[in-house]
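Structure, as structure tokens:
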Amino acid sequence: MKSPMQRILLTGFTVILAVFFVTPLLWFVFAPFNPQASLSVTIPQSPSLANFEEVLSNEMAMRGLLQNSVIIGIGTMVGTSLIAALAAYGISRGTLPGRKILTYVLILFSSVVSGTASMVPIFKLIYDLGLIDTHIGVILVMIGGSIPSAIFIMQDFVESVPRSYEEAAMVAGASPLQIFRDVTFPVMRPGVLVVGIWVLVGAWGSFLTPFILLRNIKLMPASVTFFLFYDLESGMPQIRLISAYAVLYTIPVLLLYLLINWRYGFRFFGGIKQ
Amino acid sequence: MASIEIRNLRKTFGKVVAVNEVSLSMTDGEFVALLGPSGCGKTTTLRMISGLEMPDSGSIHINGKDVTSLPPRSRDVAMVFQDYALYPHMTILDNIGYPLKVRGAPHNELKEQVTSVANNLQIGGLLARRPGQLSGGQQQRVAVARAVVHHAQVFLFDEPLSNLDAKLRLEARAFLKHLQREVGITAVYVTHDQAEAMALADKIVVMKDGSIMQAGTPLEIYRHPVNTFVASFIGNPPMNLLPCEINGGSIYVQTGDSPQAMSAAGLRLPAALAKGSQFTLGVRPEHIRVLTEPAADSIKGTLYVTQTLGGEALVIVRVGEQLITIRLFEDEAPPLPNEVYLSFDADHLFFFGPDGQVLR
Amino acid sequence: MQKAILSRELSLLFLAPALVFIALFLLYPFFSIIQMSFTNQTLVGANAINPQNVGFQNYVELFNTKDWMRQGEMGHSLWLTVQFVIGSALIGQAMLGLGIATAFNNRKGLLREIVFTLAIAAWIIPDVVVAFAWFAYLDPEGTLNMMLQAIGIQPLDWLFDYPMFSIILFNTWRGTAFSMLLFSSALASIPPSYMETADVIGASPWQKFRDILLPLLRRYIATDLILITLWTFNTFTPFLLTGGGPINRTNVISIYTYSVGLRFFEFGKASAIAVVVMLINLVLASIYLFVSRNQQGKTA
Chain A
217 MKSPMQRILL TGFTVILAVF FVTPLLWFVF APFNPQASLS VTIPQSPSLA
267 NFEEVLSNEM AMRGLLQNSV IIGIGTMVGT SLIAALAAYG ISRGTLPGRK
317 ILTYVLILFS SVVSGTASMV PIFKLIYDLG LIDTHIGVIL VMIGGSIPSA
367 IFIMQDFVES VPRSYEEAAM VAGASPLQIF RDVTFPVMRP GVLVVGIWVL
417 VGAWGSFLTP FILLRNIKLM PASVTFFLFY DLESGMPQIR LISAYAVLYT
467 IPVLLLYLLI NWRYGFRFFG GIKQ
Chain B
1002 MASIEIRNLR KTFGKVVAVN EVSLSMTDGE FVALLGPSGC GKTTTLRMIS
1052 GLEMPDSGSI HINGKDVTSL PPRSRDVAMV FQDYALYPHM TILDNIGYPL
1102 KVRGAPHNEL KEQVTSVANN LQIGGLLARR PGQLSGGQQQ RVAVARAVVH
1152 HAQVFLFDEP LSNLDAKLRL EARAFLKHLQ REVGITAVYV THDQAEAMAL
1202 ADKIVVMKDG SIMQAGTPLE IYRHPVNTFV ASFIGNPPMN LLPCEINGGS
1252 IYVQTGDSPQ AMSAAGLRLP AALAKGSQFT LGVRPEHIRV LTEPAADSIK
1302 GTLYVTQTLG GEALVIVRVG EQLITIRLFE DEAPPLPNEV YLSFDADHLF
1352 FFGPDGQVLR
Chain C
409 MQKAILSREL SLLFLAPALV FIALFLLYPF FSIIQMSFTN QTLVGANAIN
459 PQNVGFQNYV ELFNTKDWMR QGEMGHSLWL TVQFVIGSAL IGQAMLGLGI
509 ATAFNNRKGL LREIVFTLAI AAWIIPDVVV AFAWFAYLDP EGTLNMMLQA
559 IGIQPLDWLF DYPMFSIILF NTWRGTAFSM LLFSSALASI PPSYMETADV
609 IGASPWQKFR DILLPLLRRY IATDLILITL WTFNTFTPFL LTGGGPINRT
659 NVISIYTYSV GLRFFEFGKA SAIAVVVMLI NLVLASIYLF VSRNQQGKTA
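Listed in order, the protein sequences are those of chains A, B and C. In this text, residue positions in the first sequence follow my numbering: the first is 217, and each later residue adds one. In this text, residue positions in the second sequence follow my numbering: the first is 1002, and each later residue adds one. In this text, residue positions in the third sequence follow my numbering: the first is 409, and each later residue adds one.
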């Protein structure tokens, strides 16, 4: 803070930014507690937890949130982090030709193939594997989609582990797998965690993949079970219930991400930091 | 403990020849320092002994066994890295014990051995801590302890003291020397610090551009450097090297536009010198006297600067285009006039040919 | 010169699980999209079971010059996508992200925490929820109109009257956090002494930004621009707000692909669109690789 003028400018800038970022979310502060909520922001006449009670008593919706979303999210997170950590290590510490270009190509692929067009072949593939209407099918597709970016980010973390750590372990007599397990992986654990939470948040919010691959309502994650709060006859969303469900659905991952971000910071350099 | 025999070792990185036909033998219990400027191939040589690099050609034998193509873990060597490579996620106990752990030692035996080594190195009280909580000197000892703990045949040190400040470095140097005498280890020690090499090693191997310039005991290398590179690399401040020409009974020092004559009478000139008239004269800073009046065997210079170091003083004199350093063993540099005369100690002169090799 | 720690076989072993996933979920869809783009496959009817090879017919239809720029056709959709990418990614996300990162560079405290937390929240909250939030925000009786009324501006039906502006505003809000975080971690890696030297010399804030920060950030800006361009190009989230409407006015390429493929179930044609999109993305990514490699060469 160099001068009062700069201080005022910065505060003004902050206020504008805060308004820009927070106002679209204001609705969620009031609507869930308003039994007569509409799309406009109104301070509830008689705030109550009635909306939450109704949502909590919807067995399928809660199953989607507490069971299916958790299974799919954690499964995708664990799978992706582990596979991406191994792959990033293999790329970074190996001698494969074209290893520098490999991840760029993968990123390009994934940003294209993850589009809606690929849902047709992916549906066919999961169908042929007999995994339609299973959590494992959804998890596998999500791992496949998130692996390239995960490797991309993870490589920075592998590169940040000093090679002398691994060389010291080699001289001490450790095998390559021991070195990865005892030295590299523990040292890069913050990176694995950062990538893992990032993947979890992505899987948690993903709608299209479970929507297309799951038939049984008992297996659907919360991102899909929102439709339970649509009025059956009119097809219109029941705003007050959806707002309450959205809050329950969002808060856990939001807090988790903010915690990780606060603890470890944002560590994406896209392979450009040498 | 072991002997090491290195024959015709060669290693290239792309087009760069890092190590060129290096041969070297070390006897059991010997402490050898590989000394040279950065990029001279000393670290690459060390890494080839450890197995972290594979040579392009040549062979390495430890205790008579060919280990050239073996991975590090099959060579029974221990290594201390420049950055210590202590694992931040492990306690000091686990760090020191890691070589035992990967060899499958039971936990209580591991703990016992680590404790005994740590006590020996006076870091017994730190075992529960993590590397981040230790000072540089303590980290250095932990790194040494991890090397000592599994009784390897050969110890390899890659500039282990370069991350310490000057005072700690002297302490650690004494500590390593003591340890080596006590344990009697065979060690290869890479450094660019000639004082460190002189202080620690039984044998110094001076390297430059991937080749060995000279190998010998510290005193041999100090007293009989084979070329100007070794001569200027060993000793602090470094040896003064002056381009000269010999003609009749005089030596002409050619440091400027006009050569200065200096009587060659009383000098023991090497036999080879008579043939060629150009040579380089080497004289260490402690073997020069500063006079205020000219003498037959003196050359004239102008005072550049004096430095009082306490216990010794340096006088730097400009002769032609060259600065000559003189070391005086006095507490304070004496007051000197602007114009001074330098006289060299006839018993301690070195003569190098135009190719930089010593003349005998 | 870095020494490889793993042999070629071992590094392949570490890579193997990832390669399996990549083959199944990236390469297979990739090639099957290409193959399908030369057929007339549909979901129902005779072409569903026995799709015919139609050669380049799908592509010819896409680039049919007569209808090319008509609403709801390929050319129009690409034009909308260009507007969307330039407005929301390049101008919105990148500029705002760089602005925030620069303003809060080397500062700690409550203001920074508030802005960063809110921006990250906008980035992290799941699509479905964000869609509802913005639906409510842009509603004729929503928060935005309430605020505008408070300063004397008549309420507007944003999603109906200004659909493209709405999704640009939305996507800027949604994605700024990435650029902000990328730039702020890049700025944090610049030694403070660089800026302090400039302070001592007496450079103005703008001079410091232009002469020191901007040149040092060039590689990061290249990375950021291409990544957010690719992502914005392919994002499907605007669909949740406008469904591509009204009357195709926000029919960006991802929504166009979706409506051809999963609404009208013309898989062959949808695949052809996807292939065209891939080629466009390939060009964009090549520019990225070219620029970032060139920059590396300069700074190495």
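Yeah, the Cβ is synthetic: ideal placement off N, Cα and C, and Gly gets one too.
What in chain C is Cβ-close to A/L341, meaning under 9 Å? Those within 9 Å of A/L341 in chain C are L432, F433, Y436, P437, S440.
Unbroken alpha helix (DSSP H) runs of length 4 or more, entirely within the segment 581-640 of chain C: which are they? The DSSP assignment places complete alpha helix (DSSP H) segments of no fewer than 4 residues inside the segment 581-640 of chain C at 600-609, 613-616, in order along the chain.
Is the Cβ of A/G486 closer than 9 Å to any Cβ of chain C? Confidence at A/G486 is low in this model, with a pLDDT of 48, below 50, so the placement of that residue should be treated as unreliable; the coordinate-derived value is given next. True, the Cβ-Cβ gap to chain C drops below 9 Å.
If you follow the beta strand (DSSP E) that A/Y446 is in, where does it begin and where does it stop? Run containing A/Y446: none; DSSP gives neither H nor E here.
Cβ-based contacts, 8 Å cut-off: residues of the segment 357-381 of chain A near chain C: If the cut-off is 8 Å between Cβ atoms, the segment 357-381 of chain A has V357, I359, G360, G361, I363, P364, I367, R379 near chain C.
Under a CB-based cut-off of 9 Å, is A/M386 close to chain F? Judged by its chain identifiers, the structure shown contains no chain F, and its protein chains are A, B and C.
Work out the CA separation of A/W420 and B/D1077 for me, nearest whole Å. A/W420 has its alpha-carbon roughly 50 Å from the corresponding atom of B/D1077.
Identify whether B/M1055 lies in helix, strand or coil by the three-state DSSP scheme. Coil at B/M1055, not helix or strand.
Spatial distance of B/G1321 from B/V1359 (CA atoms): Approximately 24 Å, taken between the alpha carbons.
Reference C/L423; option with closest CA among A/F442, A/V403, A/P392, A/I299: Minimum Cα-Cα distance from C/L423 among the listed residues A/F442, A/V403, A/P392, A/I299 corresponds to A/I299.
With the cut-off set at 9 Å, would you say B/L1315 and B/L1329 are in Cβ contact? Contact flag set, yes.
Taking the alpha-carbon of C/S445 as reference, which of C/S592, C/G669, C/I661 has the nearest alpha-carbon? Per the Cα distances, C/G669.
Taking three-plus beta-carbon pairs below 8 Å as touching, is the segment 524-536 of chain C in contact with the segment 607-617 of chain C? Output reads no: the segment 607-617 of chain C does not touch the segment 524-536 of chain C.
Cβ-Cβ distance between B/H1090 and B/R1142 below 9 Å: Their beta carbons are not under 9 Å apart, which means B/H1090 does not touch B/R1142 by this criterion.
Locate the beta strand (DSSP E) running through B/Y1190, then write down its first and last residues. Membership of B/Y1190 in the beta strand (DSSP E) is indicated by the continuous run 1187-1192.
If you drop the 5 nearest sequence neighbours on each side, which residues of the same chain put their C-beta closer than 6 Å to that of B/Q1308? Closer than 6 Å at Cβ, skipping near neighbours: L1315.
How far does the alpha helix (DSSP H) with B/S1026 in it reach, from first residue to last? For B/S1026, there is no enclosing alpha helix (DSSP H); the residue is part of the beta strand (DSSP E) that begins and ends at 1017-1027.
When you compare the CB positions of A/A304 and A/F373, do they come within less than 9 Å of one another, or not? Their beta carbons are under 9 Å apart, which means A/A304 touches A/F373 by this criterion.
Just the C-alpha distance for C/I629 and C/N466, rounded to the nearest angstrom, thanks. If you take the alpha carbons of C/I629 and C/N466, they lie about 37 Å apart.
Sorted by chain position, which residues of the same chain lie with C-beta nearer than 6 Å to C/Q460's C-beta, five sequence neighbours on each side aside? For C/Q460, the CB contacts under 6 Å within the same chain, skipping 5 residues up- and downstream, are N448 in chain order.
A/L242 vs C/T551 beta-carbon contact at 9 Å: Yes, these two residues count as a Cβ contact at 9 Å.
Of the residues B/T1218, B/F1234, B/F1280, B/L1101, the one placed nearest B/N1374, counting alpha carbons only: Residue 1374 of chain B is absent from the structure shown; chain B starts at 1002 and stops at 1361.
What's the C-alpha gap between C/F591 and C/I499? Approximately 15 Å, taken between the alpha carbons.
So does the segment 330-349 of chain A actually touch the segment 265-275 of chain A, counting three or more Cβ pairs closer than 8 Å? No, the segment 330-349 of chain A does not touch the segment 265-275 of chain A.
Per DSSP, what are the beta-bridge partners of B/L1036 in this structure? Checking the DSSP bridge columns, you'll see B/L1036 partnered with B/T1192, B/V1207.
Rounded to a whole number of angstroms, what is the C-alpha to C-alpha distance between B/L1220 and B/A1297? Going by the C-alpha atoms only, they are around 32 Å apart.
Between A/I458, A/I352, A/T258, which lies nearest to A/V294 when the distance is taken from Cα to Cα? A/V294 has its Cα closest to that of A/I352, out of A/I458, A/I352, A/T258.
Spell out a yes or no on whether the segment 1187-1199 of chain B and the segment 1105-1123 of chain B are touching, meaning 3 or more CB-CB pairs, one atom from each, closer than 8 Å. The segment 1187-1199 of chain B, when compared against the segment 1105-1123 of chain B, does not touch it at the 8 Å Cβ threshold.
Once the 5 residues before and after B/F1032 are set aside, which same chain residues still bring their CB inside 7 Å of it? These residues qualify, in order along the chain: Q1181, A1188, Y1190, L1201, A1202, D1203.
Residue span of the beta strand (DSSP E) that contains B/E948, given as start and end: This structure gives no information on residue 948 of chain B, because the portion of chain B shown stretches from 1002 to 1361.
Below 9 Å between beta carbons is the criterion; list the residues of the segment 1046-1057 of chain B that meet it against any residue of chain A, in chain order. Per Cβ criterion, the list reads R1048, S1051, G1052, L1053.
Compute the beta-carbon to beta-carbon distance between A/I290 and A/P437, rounded to the nearest angstrom, for a pair I have assumed lies under 8 Å. Going by Cβ atoms, the distance from A/I290 to A/P437 rounds to 12 Å, so no, they are not a contact pair.
Name the DSSP beta bridge partners of B/V1081, please? Per DSSP, B/F1158.
Would you please verify whether the beta carbon of A/G412 is less than 9 Å from any beta carbon of chain B? Answer no: the Cβ-Cβ gap between A/G412 and chain B never drops below 9 Å.
Continuous alpha helix (DSSP H) assignments of at least 4 residues falling wholly in the segment 265-315 of chain A: Segments of the alpha helix (DSSP H) lying fully in the segment 265-315 of chain A: 266-272, 275-279, 285-309.
Would you say B/Y1190 lies against chain A (beta-carbon separation less than 9 Å)? For B/Y1190, not one C-beta of chain A is nearer than 9 Å to its own C-beta.
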